[in-house]
Amino acid sequence: MPRDYYEVLGLERSATLQEIKSAYRKLAVRYHPDRNPDDSAAEEKFKEAAEAYAVLSDPEKRRRYDRFGHQASPSGGGFDPTIFADFSDILGDVFGFGDIFGNRAGRTRRRAGADLRYDLRLSFEEAAFGTEPKLRIPRLEHCDACGGSGAAPGSGPTACRVCAGRGQVQYSQGFFSVARTCPDCRGAGTVIRDPCTGCRGRGLTERERSIQVRVPAGVDTGSRLRLPGEGEHGRQGGPPGDLYVVIEVAQHERFVRRGTDVLSSVTVGYPQAVLGCTMDVETLHGTSSLEVPPATTHGSTFVLRSQGIPRVDGRGRGDHIVEVLLQVPAPGDLSEQELEHLRALAELNEDTEGTIREARSVFDRVVAFFSGFGQKGRPRAGEGKRTSEA
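Residue 11 is where the sequence shown starts when you use my numbering, and the numbers rise one by one after that.
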């Protein structure tokens, strides 16, 4: 998950809008790609700051972020961080910011392409063990006919006559000279007089690409994978954005996930709960043996170590937690012989004279009772075939 937006800008959660603008402005100047060429770390910090500013500078987005965190933010959904990069409109060239943002005469602003988001739904097992699916991603790419310039083959963009290729026009306001984005070239500094017929002068065409993604073991719903450079291509030959793959994991019919632990339940009969038994339990990693001790009560839980979901960092696996459910048969499911034995057991537990009989403990009587019951054709504890519903 991305860092907290307030932490990115170095602000308290009570920061004012002016403080947010000031903090972002400092980071934009410090990490702008024109000031840090071929520095991928600086570029990431610039985009991270731009994403934080895009949310916190908007009152409604900030309110949702303060309440729901990154689940309410628009990151990874086509956001173009460079939209907030040009503070020369605010400060003007008189303060020297035009050169920082690449708007001096003869320079063309090359904006990075938009980031893309792909929602990937995985099965329970795929998320647990990892997978490498192939995704089909529609995106804008540079036109093959014009190489992304937008101009017809044999021609090229020409300098804008309105701004003389600067991408800005200047207005005098009192003692200050304020720069604004050129309305004719929209800040590009160039215009296309003879547009490419393949892309109609856009320089971009829509294509569908097949991309293989490696999903590590242990991902969960909400996990996000970033694929650098797999987003849309930028205009005027600008670099591509990134692709964010957001994971959604389907529910399992028998298992429930809790972090890296897996939860399931098994049903045992009254004799097995009283006497104890050994039974097979289905886990993600196959069948495991579970020892159910004598006198196990309904709702008891037992842990099968390291039989859960692998951790994303590769450091071991979670556990498999088994809940024991006691199955009590209805009277209609019992034979008359079975009912007679149960009545006899109930009589053994009665104390009609108000005194404690000098006999074996209740548990010993239960053991003896069911042992005798096994001699009449029923399987004893530890005998016969036992099945469980995980």
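Cβ coordinates follow ideal geometry from the N, Cα and C atoms, glycine included.
Listed in chain order, the beta strand (DSSP E) elements of length 3 or more contained wholly in the segment 169-254 are 178-183, 186-191, 214-222, 234-237. Distance between Glu135 and Gly318, taken at the CA atoms: about 11 Å. Residue Val255 holds the alpha-carbon nearest to the alpha-carbon of Leu126 among Glu350, Val255, Gly326, Val302. Here the alpha carbons of Val259 and His42 stand approximately 37 Å from one another. Straight through space, the alpha carbons of Arg327 and Pro320 are spaced by roughly 4 Å.
In this chain, the alpha helix (DSSP H) harbouring Gln347 covers 346-359. With fewer than 16 other Cβ atoms from the protein chains shown falling within 10 Å of its own Cβ, Lys144 counts as exposed. In the three-state reduction of the DSSP assignment, Ala155 falls in the coil class. When the Cα atoms are used, Pro226 and Leu27 turn out to be separated by approximately 40 Å.
Under DSSP, Tyr128 takes part in a beta bridge, and its partners are Val255. When DSSP states are grouped into helix, strand and coil, Phe265 belongs to the coil group. CA-to-CA, the gap between Leu344 and Glu350 works out to about 10 Å.
Look at the segment 287-331 and you find these whole runs of beta strand (DSSP E), each 3 residues long or longer: 287-293, 296-302, 311-314. In the DSSP assignment, the residues bridged to Ala161 are Pro205. Residue environment for Tyr181: exposed (fewer than 16 other C-beta atoms within 10 angstroms of its C-beta). Counting C-beta atoms within 10 angstroms of its own C-beta, Val266 has fewer than 16 neighbours from the protein chains shown and is therefore classed as exposed. Per the DSSP secondary-structure output, Leu273 pairs in a beta bridge with Val266, Ile331. Out of Ala124, Ala64, Ile257, Leu314, the CA that lies nearest to the CA of Leu19 is found in Ala64.
According to the DSSP assignment, Glu53 belongs to the alpha helix (DSSP H) that extends over 50-66. Classified as exposed, Ala305 has fewer than 16 neighbouring CB atoms from the shown chains inside 10 Å of its CB. The beta carbon of Ser310 sits closer than 8 Å to the beta carbons of Glu333, Val334 from its chain, once the five residues preceding and following it are set aside; these are given in chain order.
By alpha-carbon distance to Gly248, the top candidate from Leu37, Val39, Asp44, Thr270 is Asp44. Around the beta carbon of Pro148, a 10 Å sphere encloses fewer than 16 other beta carbons of the protein chains shown; the residue is thus reported as exposed. Contact check for Gly208 and Gly158: beta-carbon distance about 11 Å, past the 8 Å limit, so the pair fails to qualify. Distance between Gly199 and Arg131, taken at the CA atoms: about 44 Å.
For Asp76, the closest of Leu294, Tyr280, Glu22, Glu357 by C-alpha to C-alpha distance is Glu22. Assignment of Pro12 by DSSP, reduced to helix, strand and coil, places it in the coil class. Closest option to Asp230, judged by alpha-carbon separation, among Ile257, Cys195, Arg210: Ile257.
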